[in-house]
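Trainee: Numbering-wise (my numbering), the sequence shown opens with residue 7 and increments by one.
The beta carbon of each residue, even a glycine, is placed where N, CA and C say it ideally should be.
My structure is below; once you've seen it, I'll send some questions.
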Amino acid sequence: HVSSATSSKLVTISKNEDIKEAAKKILENHVSSLPVMDNGELVGIITTTDLIKPLQNSDALVKEIMSNYVVTVSPSDRVVHARRLMLDNDISRVVVVENDSIVGILTEKDTAKALFAFKKYADNKQFSRVRNLLVEDIMVQNVITLGEGATVGDAAKLMLENDISGLPITKDGRLVGIITKTDLMKLYVQN
7 HVSSATSSKL VTISKNEDIK EAAKKILENH VSSLPVMDNG ELVGIITTTD LIKPLQNSDA
67 LVKEIMSNYV VTVSPSDRVV HARRLMLDND ISRVVVVEND SIVGILTEKD TAKALFAFKK
127 YADNKQFSRV RNLLVEDIMV QNVITLGEGA TVGDAAKLML ENDISGLPIT KDGRLVGIIT
187 KTDLMKLYVQ N
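In structure tokens form, the structure reads like this:
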């Protein structure tokens with residue numbers, strides 16, 4: 007049943023509340039969108055994507071808000087290991103690195119799609135082989151990155167244009183951090 011995977015506490019926002027409050031509620035409740043209410047009526051929805059649109063003009067530097075701690079895996083790691091790292095670190099993506107170079111990225115969404123497809127086409131005996139699925143089998147290889155000298159506006163534009171929610175940050179070709187929509191949401195709360 008759907009009810010087994012849903013939250014009983016629906017977090018909403020009034021149409022009269024400001025953007026800062028929306029960002030705060032999104033961050034505090036670990037959600038990516040909020041129903042917008044007016045006198046008990048649903049009048050819309052606001053998403054993290056909506057909230058990063060105004061940040062396209064920000065000249066704050068990415069290196070000031072990025073996370074310096076990046077969870078990485080190698081292409082030969084098993085997907086179940088990568089998924090465990092995501093769960094243990096409460097993150098939605100891992101950067102795939104080989105010989106100090108970024109070779110891919112793997113997100114929760116990529117993992118879910120792959121596991122769903124695997125289960126759909128494998129019988130029960132074969133499904134146990136899912137443990138052997140490697141990161142390189144399902145990772146996104148053409149990774150969009152950003153240099154640490156880039157602006158928050160640059161990051162917001164890239165995320166919006168490419169429908170992605172995180173960007174590895176590099177310096178001299180080396181991975182030095184990551185910036186996500188969550189990091190961008192924090193700008194609203196801090197200011």
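Alpha helix (DSSP H) containing D44: first to last residue?
Mentor: That residue, D44, is in no alpha helix (DSSP H); its beta strand (DSSP E) goes 39-44.
Trainee: Should the segment 49-56 be regarded as contacting the segment 134-147, the criterion being three or more beta carbon pairs within less than 8 Å?
Mentor: The segment 49-56 is not in contact with the segment 134-147.
Trainee: Just how far apart, CA to CA, sit L33 and S171?
Mentor: Roughly 14 Å between the two C-alpha positions.
Trainee: Less than 8 Å between the CB atoms is what I'm expecting for V195 and A66, so what's the real figure, rounded?
Mentor: About 14 Å; that fails the 8 Å criterion.
Trainee: For T78, does the three-state DSSP call read helix, strand or coil?
Mentor: It is a strand residue.
Trainee: Could you check what DSSP says for I25 in three-state terms: helix, strand or coil?
Mentor: DSSP places I25 in helix when its eight states are reduced to three.
Trainee: On the three-state DSSP scale, how would you describe E154?
Mentor: Residue state, collapsed to three classes: coil.
Trainee: Applying the criterion that 16 or more other CB atoms from any shown protein chain within 10 Å of the CB defines a buried residue, is T18 buried or exposed?
Mentor: Exposed, because fewer than 16 other Cβ atoms sit within 10 Å of the Cβ of T18.
Trainee: In terms of DSSP beta bridges, what is P174 paired with?
Mentor: Paired residue(s): I184.
Trainee: Kindly give me the distance between the Cβ atoms of V141 and L112, rounded to whole angstroms, as I take these residues to be in contact under 8 Å.
Mentor: V141 to L112, Cβ: 6 Å. Contact.
Trainee: When burial is assigned at 16 or more other CB atoms within 10 Å of the CB, is K59 buried or exposed?
Mentor: The residue in question, K59, is exposed, as its Cβ has fewer than 16 Cβ neighbours within 10 Å.
Trainee: Just to confirm my understanding: we take M43, look at its own chain, exclude 5 residues before and 5 after, and list those with CB closer than 8 Å. What are they?
Mentor: These residues qualify, in order along the chain: T18, I19, S20, K21, V49.
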